[in-house]
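Residue numbers for the sequence shown follow the working numbering, so the first one is 54 and each next one is one higher. Using N, Cα and C, we set each Cβ at its ideal position, and we do this for glycine too. Only a predicted model underlies this, so the values are computations on that prediction, with no experimental measurement involved. Okay, so here's the structure we're looking at.
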Amino acid sequence: MNYISIKEINSLSKWVNQAIKIKKNPLKNQSLGKNKTLGMLFFNPSLRTRLSTQKAAMNLGMNVMVMNFTNEGWTLEFEDGAVMNSGASEHIKEAAEVVSQYCDIIAIRAFAGLVDKEKDYQETVISGFLKYATVPIVNMESAIRHPLQSLADAITMEEFKPRHKNKQKVVLSWAPHPKALPQAVANSFVEMMQMQKDMDFVITHPEGYELSPEITKDCVIEYDQDKAFENADFVYVKNWSNFKDYGKVTNSDPNWTVTAEKMALTNNGKFMHCLPVRRNVIVTDEVLDGENSIVIEQANNRTYSAQLVLQKILKKI
Ligand SMILES: NCCC[C@H](NC(=O)CCC(=O)O)C(=O)O
Ligand SMILES: NC(=O)OP(=O)(O)O
């Protein structure tokens, strides 16, 4: 079993309930991972993913090895048949086979390069590991998906949803950011929302910032952010760079920053963000520090989302 996309999940509600159970008693399966090794490979920075996944593995009694490829690993080549006479020192074929001998599970973080859309949307790095590794692979944010995040998001919404309503309204809102960021978090959030029963889902962003239509399919898009926020129970905020004009920042309109005035349009809605977040660019201090901000508990749930995934894999190996 690999965990590459949220689509790996057969029943989202079952997984969410299982994760909530783990949260109540996280050390229950402390011997499940005994003498098993998780290898975590980072091609990009991380705070939450690195620590929560390591914590999850430790809760299961696993050994953990972490390696940063950002400045410590050999530069890898991913193309089959490449003549390796320039930058890359090692081919993914050897690298993945070798790491598989040391680890029982390999977890990988490898963001989109945001230059070559085709390369990113083919998931070059994670696909290379899937092809050549001989052990299960876990996605810790790939070029186009962040499924540990969106499972944690689903857990968080289950915990905070207003019980008196039988249908919640959830909004995914774009917000400005000075840097070009990947679409991965937004893509996985959309895929997770498509698996939710009983939730109304609206995506709001400036015109031209549409995500991949293969991901959003028939999701409702509302270009008026205020209208989208009306009566929302959850506002999930995230910047992503342009998908059409690939990897470019074509809009930085501060009117899209999430403010208390905008949150006042919601149904006492909860504010969510995967973090790290740029204060007073994505969201004002007032909202982020306000009582409806659930970002810290959202980050806490990353441990239980990772622990559920590792637990399921460990039971199969
Ligand atoms: N894993 C959570 C988000 C990671 C990444 N954010 C960032 O790179 C933010 C960096 C900054 O704000 O400088 C993203 O958007 O995919
Ligand atoms: N939300 C998240 O994935 O955070 P990090 O990038 O810090 O791991």
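In the displayed model, residue 331 falls within coil according to three-state DSSP, outside both helix and strand. The residue among 297, 292 and 76 with its C-alpha nearest the C-alpha of residue 330 is 292. Around residue 233, the same chain offers 167, 294, 300, 301 and 302 as residues with beta carbons nearer than 7 Å, after the five sequence neighbours per side are excluded.
Going by C-alpha positions, residue 100 is about 20 Å away from residue 56.
Following the DSSP letters along the chain, one finds residue 364 in no beta strand (DSSP E) but inside the alpha helix (DSSP H) bounded by residues 348-369.
Counting only the Cα atoms, residue 290 lies some 8 Å from residue 335. Annotation: residue 140 to residue 156 spans about 27 Å, alpha carbon to alpha carbon. Residue 289 sits in a strand when the DSSP states are folded into three classes.
Taking every protein chain shown into account, the CB of residue 227 has 16 or more other CB atoms within 10 angstroms, so this residue is buried. Taken from the Cβ of residue 227, every heavy atom of ligand 1 lies 8 Å or farther away.
For residue 118, the CB contacts under 6 Å within the same chain, skipping 5 residues up- and downstream, are 92 in chain order.
The alpha carbon of residue 269 has as its nearest neighbour, out of 324, 158, 246 and 104, the alpha carbon of 246.
Taking 8 Å as the cut-off, the C-beta of residue 194 counts as close to a heavy atom of ligand 1.
Within its own chain, the residues whose Cβ lies closer than 6 Å to the Cβ of residue 248, once the five positions on either side in sequence are excluded, are 65, listed in chain order.
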